[in-house]
Each structure stands twice: as C-alpha cells, then as structure tokens.
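Undergrad: Please read through the structure below; I'll follow up with questions.
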Amino acid sequence: MNKLIFTFLILVNLSAFSQNTAKDYFYQGEIKSGYFDAEGAIADYQKAIELDANYIEAYYKIGIIYYDKRMFDEAVSYFDKAIAIDQLHKNSFYLRARSKFELKKYAEAIEDYNQAFENKKDTKVYYGRALAKYFAEDYKGAVEDFDQTVKYKFKASKKVDSSDAYFYRALSKQKLGNETEACDDLKKAKEFGSTKSDEELKIKCK
C-alpha cells in the first residue's frame, strides 16, 4: 500500500513539471482504479487515448470498469474498440462475450467465446460458451461444452463453479430427453454444494 501511495505522489509531482505522456495517464488510471476511483480512472484512461488513439489497454481497462459497474452496453463499446485495434486480443473477446451474455445476446456471445480461447483447455471460455448455448437452446452444444468444462476444471481455472457446470449440463440433458444422465449430473451438482439441484432431484430423480 505504501509503495502504491509513493508511486502516486511521484506521478503527481511529475505532472506538475512536465507534459504527461499517454503512458503516464494510463498508470495514473491504474492507481486510481486500485483505489476504486472508477470515474477518476476512466478520465485518465481517456486522456491516454487522446494522446494515443491505439492505446489498446486503456480501452480494455475502461471496458472492465463498465463491466464491473454492470453497464454492459458501454463495456461492449470499449471492447469493440480494443478488438478493432487487435483482433487477437483474447481478453477483450472474453469480456465482450460475457457482456453480451448479460445483455441476452446469446448468439453474439457464442461468436465472441469462439474467438476467446487461449488454448484448448480454457475452462472459463468453455463454461461461458456452454451457458450461452444453453440459453440459446442449443442443448447438444451446451452438453459438449460442459463436458469440456468438467474435464479440464481442476487444471485450467478456479473461477468455474463446478456445481453450476453439472447443474446446467443436467438441465441440458433433460431437454435432450436423457433423464438418467441428467439425474447423475444433478447428484454430482449437489455433491459440489449446489442448492439449485434439490428441487429437480425431488421431481425428476425419485
């Protein structure tokens, strides 16, 4: 914390004696973001962009702030700008996909998840795409992606909720008429702490 304050004071002093560069404003934005000053961070990131219109990380960081504020349309617009600069910016594709999912634009979210894979074991992307496919009523595709989520979950990501992966795979299998495997997944979801599976277990898996 002391180091962060010291860095901030240095940047303030530098700004008093010299013309700030895009990088200076970006790092000021990082410090303000670290102190949860979202509006101040956005203002500094915007100044960085004014000096360097291709400052991709500034667009990306503004997108993250809007995503965290659940302002998903605004988040998408900044991830759009980051991707326009670098069409291989995986993190922007991933968070744009999550933003579009929240906006119930499931088909567009799936397209972005397709571009977001860092590697074939990228569990968080499989999981996000599986949910998007489920809500887009592509139950077969959802099962396939949940299969990969469950397969790689321990190695690839701690962010994935295993209980939800099993729960939604169960619902997908129910939609496909595979009640036996659906019940197995509901039981597995319960083992991982799911409370959502209780009602389905009572009704469908007596």
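According to this note's numbering, the sequence shown is numbered sequentially starting from 1. Note that CB positions come from ideal geometry on N, CA and C, so glycine has one too.
Please tell me whether A116 and Y94 are closer than 8 Å, where the distance is taken between their beta carbons.
TA: yes
Undergrad: Smallest Cα separation from T21: which of Q46, Y35, I42 and L51?
TA: L51
Undergrad: On the three-state DSSP scale, how would you describe T180?
TA: helix
Undergrad: Would you call the CB atoms of Y45 and K69 closer than 8 Å?
TA: no
Undergrad: Kindly give me the distance between the Cβ atoms of A58 and Y67, rounded to whole angstroms, as I take these residues to be in contact under 8 Å.
TA: A58 to Y67, Cβ: 15 Å. No contact.
Undergrad: How many angstroms separate the CA atom of K104 from the CA atom of S197?
TA: 23 Å
Undergrad: In angstroms with no decimal places, state the Cα-to-Cα distance between F26 and A48.
TA: 6 Å
Undergrad: Give me the residue from L201, G193, K100 and L176 with the minimum Cα distance to L186.
TA: L201
Undergrad: Could you check the C-alpha separation between N54 and A84 for me, to the nearest Å?
TA: Those two C-alpha atoms are separated by around 9 Å.
Undergrad: What are the boundary residues of the alpha helix (DSSP H) that includes D164?
TA: S162 to K175
Undergrad: Tell me where the alpha helix (DSSP H) around F26 begins and ends.
TA: A22 to G34
Undergrad: Hey, could you find the ends of the alpha helix (DSSP H) R70 is sitting in?
TA: DSSP places R70 outside any alpha helix (DSSP H), giving it a letter other than H or E.
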